[in-house]
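>
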Amino acid sequence: MKVERFQELAEAYGADLRRWPATDRAAAEALRLAEPVMSERLLFEAAKTDAVLHTSSTPQVSMALRDRVIASATAAGLSPQRVQRIARRLAWFSGAGWAAAACAGVVFGLNLTTQLTADQQVDAVLYQATLDGVDDTEVLG
Amino acid sequence: MALTTDPDEDLVRRVGRGDPAAIQAMVARKLPRMLALANRMLGDLAEAEDVAQEAMLRAWKQAPRWKPGQAKFDTWLHRVGLNLCYDRLRRRREVPTETPPDRADDGPGPDRGLMAAQTGIRVDAALALLPERQREAIILCHYQELTNIEAASLMSVSVDALESLLSRGRRALRQTLADLAPGHDPGASPSPARAAEGGRK
Numbered sequence: 000m001k002v003e004r005f006q007e008l009a010e011a012y013g014a015d016l017r018r019w020p021a022t023d024r025a026a027a028e029a030l031r032l033a034e035p036v037m038s039e040r041l042l043f044e045a046a047k048t049d050a051v052l053h054t055s056s057t058p059q060v061s062m063a064l065r066d067r068v069i070a071s072a073t074a075a076g077l078s079p080q081r082v083q084r085i086a087r088r089l090a091w092f093s094g095a096g097w098a099a100a101a102c103a104g105v106v107f108g109l110n111l112t113t114q115l116t117a118d119q120q121v122d123a124v125l126y127q128a129t130l131d132g133v134d135d136t137e138v139l140g
Numbered sequence: 000m001a002l003t004t005d006p007d008e009d010l011v012r013r014v015g016r017g018d019p020a021a022i023q024a025m026v027a028r029k030l031p032r033m034l035a036l037a038n039r040m041l042g043d044l045a046e047a048e049d050v051a052q053e054a055m056l057r058a059w060k061q062a063p064r065w066k067p068g069q070a071k072f073d074t075w076l077h078r079v080g081l082n083l084c085y086d087r088l089r090r091r092r093e094v095p096t097e098t099p100p101d102r103a104d105d106g107p108g109p110d111r112g113l114m115a116a117q118t119g120i121r122v123d124a125a126l127a128l129l130p131e132r133q134r135e136a137i138i139l140c141h142y143q144e145l146t147n148i149e150a151a152s153l154m155s156v157s158v159d160a161l162e163s164l165l166s167r168g169r170r171a172l173r174q175t176l177a178d179l180a181p182g183h184d185p186g187a188s189p190s191p192a193r194a195a196e197g198g199r200k
């Protein structure tokens, strides 16, 4: 890392290297060791701006706001009982879905079996037609 | 999309199940951040409370269907909070108010004993006077402590553009608030505002 890049980063992110992009930190630390006077001067300047920024007042969350926000969670449907009701309903629908799928499978399977049997019978008749001396009833039963 | 490690993942899952303790923990963790974000973006505590409350309401609605691994919940919540702030800032521009925003106090420096109480107000006022994008960059990176990639993504700018906004914003604040910087000698180098005032005399 060059001194110019170090300066850019200090001016953008401040003096605390933990706030710098993770990809630049190792190179910045190396530059600090290689150019201690220059780098510390740049960080000192950045630290002055940091100190000013840190004096900004941070609003405190009032109890009234906190209570309103917690109450809004219930209003949005986030209560254990309601979530459990929804989960039970989803489980019921899920069970009903599986049952419906199973019924559909049975019906499909029966249809498929009938269809396959019919196809086999047709094949047998056609085969039997090519043979002499075989009665249809022997094939079709 | 790459999987993201989210420190809020477990808490969001518990909130989604309606766990009262998780809801309280989420309020303790996120409400102060949303309030600080909105207060610095809008410069109005009452509006900031409304925004923070609305952002948390959307968090409650999102929690049951939150899909972990795609984005950090905190980044998503910042997106919600910022959009709510943008809406209010846009409305302000459309309906100009008769009262101009507070300006940074360029008057004589306060007494040392009062400085701690008044410095924050001056810094907030100076922050409010910054161009919107510079202010937003400083709020997201310095105060909300988002990474440069998260902040750039939220602002829909490149990381280089974010760094430029940060540098310009910090430089402007440094010039406006030069007399507050540690080690400043009031008699040696007047702030630009006072220098300008002196030049007019």
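As they're listed, the protein sequences go chains P and A.
Every letter in the first sequence is one number past the one before it in numbering that gives the first Met the number 0, and letter 2, counting from 1, is 1.
Every letter in the second sequence is one number past the one before it in numbering that gives the first Met the number 0, and letter 43, counting from 1, is 42.
Virtual Cβ for every residue (Gly too), placed ideally from N, Cα, C.
Look at the alpha carbon of P/Ala-100 and the alpha carbon of P/Tyr-12, and state the distance between them as a whole number of angstroms.
Position 101 of the first sequence, counting from 1, holds the residue named residue 100 of chain P. Position 13 of the first sequence, counting from 1, holds the residue named residue 12 of chain P. Taking the straight line joining both Cα atoms gives about 59 Å.
> Note down, in chain order, every chain A residue with its Cβ under 7 Å from the Cβ of P/Pro-20.
Locating residue 20 of chain P in the first sequence gives position 21, counting from the first residue. Near P/Pro-20 (Cβ distances below 7 Å), the residues of chain A are Asn-147.
> Go ahead and pull the three-state DSSP assignment for A/Ala-54.
Working through the second sequence from its first residue, we reach residue 54 of chain A at position 55. The answer is helix: DSSP assigns A/Ala-54 an H, G or I state.
> Is the Cβ-Cβ distance between A/Ala-136 and A/Leu-172 less than 8 Å?
Residue mapping note: residue 136 of chain A aligns to position 137 of the second sequence, counting from 1. Residue mapping note: residue 172 of chain A aligns to position 173 of the second sequence, counting from 1. Contact flag unset, no.
> Determine the burial state of A/Leu-34: buried for a count of at least 16 other Cβ atoms within 10 Å of its Cβ, exposed for fewer.
The sequence position of residue 34 of chain A within the second sequence is 35, counting from 1. Per the 10 Å Cβ criterion, buried.
> The alpha helix (DSSP H) with P/Tyr-12 in it runs from where to where?
Position 13 of the first sequence holds residue 12 of chain P. Its alpha helix (DSSP H) spans residues 2-12.
> Under 8 Å, Cβ to Cβ, is there at least one residue of chain P near A/Arg-102?
Taking the second sequence and counting its residues from 1, one reaches residue 102 of chain A at position 103. Reliability of the predicted coordinates at A/Arg-102 is poor, the pLDDT of 45 falling under 50, and no value is obtained from them.
> Closer than 7 Å, Cβ to Cβ, to anything on chain A: give me those residues from the segment 40-57 of chain P, in chain order.
For the segment 40-57 of chain P, which is checked against every Cβ of chain A, the residues closer than 7 Å are Lys-47, Thr-48, Ala-50, Val-51, Leu-52, Thr-54, Ser-55, Ser-56 and Thr-57.
> Any beta-carbon of chain P closer than 8 Å to the one on A/Gln-52?
Your numbering for residue 52 of chain A matches position 53 in the second sequence. Judged by the 8 Å Cβ criterion, A/Gln-52 is in contact with chain P.
> By how many angstroms is the C-alpha of A/Glu-149 removed from the C-alpha of P/Ala-72?
For the purposes of this step, residue 72 of chain P is taken as residue 73 along the first sequence, with counting starting at 1. For the purposes of this step, residue 149 of chain A is taken as residue 150 along the second sequence, with counting starting at 1. Looking at the two C-alpha atoms, the distance is approximately 27 Å.
> Using beta-carbon positions only, say whether P/Leu-77 and A/Trp-59 come within less than 8 Å of one another.
Within the first sequence, numbered from 1, the residue matching residue 77 of chain P stands at position 78. Within the second sequence, numbered from 1, the residue matching residue 59 of chain A stands at position 60. Their beta carbons are under 8 Å apart, which means P/Leu-77 touches A/Trp-59 by this criterion.
> Excluding sequence positions up to five away, which residues of its chain have a Cβ less than 7 Å from the Cβ of P/Arg-4?
Here residue 4 of chain P refers to the residue found at position 5 when the first sequence is read from its first residue. Within the same chain, P/Arg-4 has no close Cβ partners at all.
> Okay, do the segment 34-51 of chain P and the segment 5-12 of chain A touch, 3+ Cβ pairs below 8 Å being the bar?
No, the segment 34-51 of chain P does not touch the segment 5-12 of chain A.
> Taking Cβ-Cβ distances shorter than 8 Å, what residues in chain A pair up with P/Leu-77?
In the first sequence, the residue the question calls residue 77 of chain P occupies position 78. In chain order: Val-14, Gly-15, Gly-17, Ile-22, Trp-59, Ala-62 and Pro-63.
> Along the segment 5-36 of chain P, where does the CB come closer than 9 Å to a CB of chain A? Name the residues.
The segment 5-36 of chain P vs chain A, Cβ under 9 Å: Glu-7, Leu-8, Glu-10, Ala-11, Tyr-12, Gly-13, Arg-18, Trp-19, Pro-20 and Ala-21.
> Work out the CA separation of A/Ala-177 and A/Lys-71 for me, nearest whole Å.
Along the second sequence, one-based indexing puts residue 71 of chain A at 72. Along the second sequence, one-based indexing puts residue 177 of chain A at 178. Using only the alpha carbons, I get a separation of about 37 Å.
> Run through chain A and tell me which residues come within less than 7 Å of P/Val-2, C-beta to C-beta.
As a working mapping, residue 2 of chain P is identified with position 3 in the first sequence. Going along chain A, no residue has its Cβ under 7 Å from P/Val-2, so there is no contact; the nearest lies around 16 Å.
> Hey, out of A/Leu-41, A/Arg-167, A/Asp-9 and A/Val-14, whose CA is closest to A/Ala-62's CA?
Taking the second sequence and counting its residues from 1, one reaches residue 62 of chain A at position 63. When each option's Cα is compared against that of A/Ala-62, the closest is A/Val-14.
> Compare the C-beta of P/Ala-70 with all C-beta atoms of chain A and state if any pair is closer than 8 Å.
On the first sequence, position 71 is the one that residue 70 of chain P refers to. Chain A, which has no Cβ nearer than 8 Å to the Cβ of P/Ala-70, makes this no.
> Any C-beta of chain P within less than 8 Å: which residues of the segment 61-90 of chain A qualify?
For the segment 61-90 of chain A, which is checked against every Cβ of chain P, the residues closer than 8 Å are Ala-62 and Pro-63.
> Which class does A/Leu-10 belong to by DSSP, given the choice of helix, strand or coil?
Numbered from 1 along the second sequence, position 11 holds the residue referred to as residue 10 of chain A. The answer is helix: DSSP assigns A/Leu-10 an H, G or I state.
> Taking Cβ positions only, does A/Arg-173 come closer than 8 Å to chain P?
Reading the second sequence from its first residue, position 174 is the one you call residue 173 of chain A. Yes - at least one Cβ of chain P is within 8 Å of the one on A/Arg-173.
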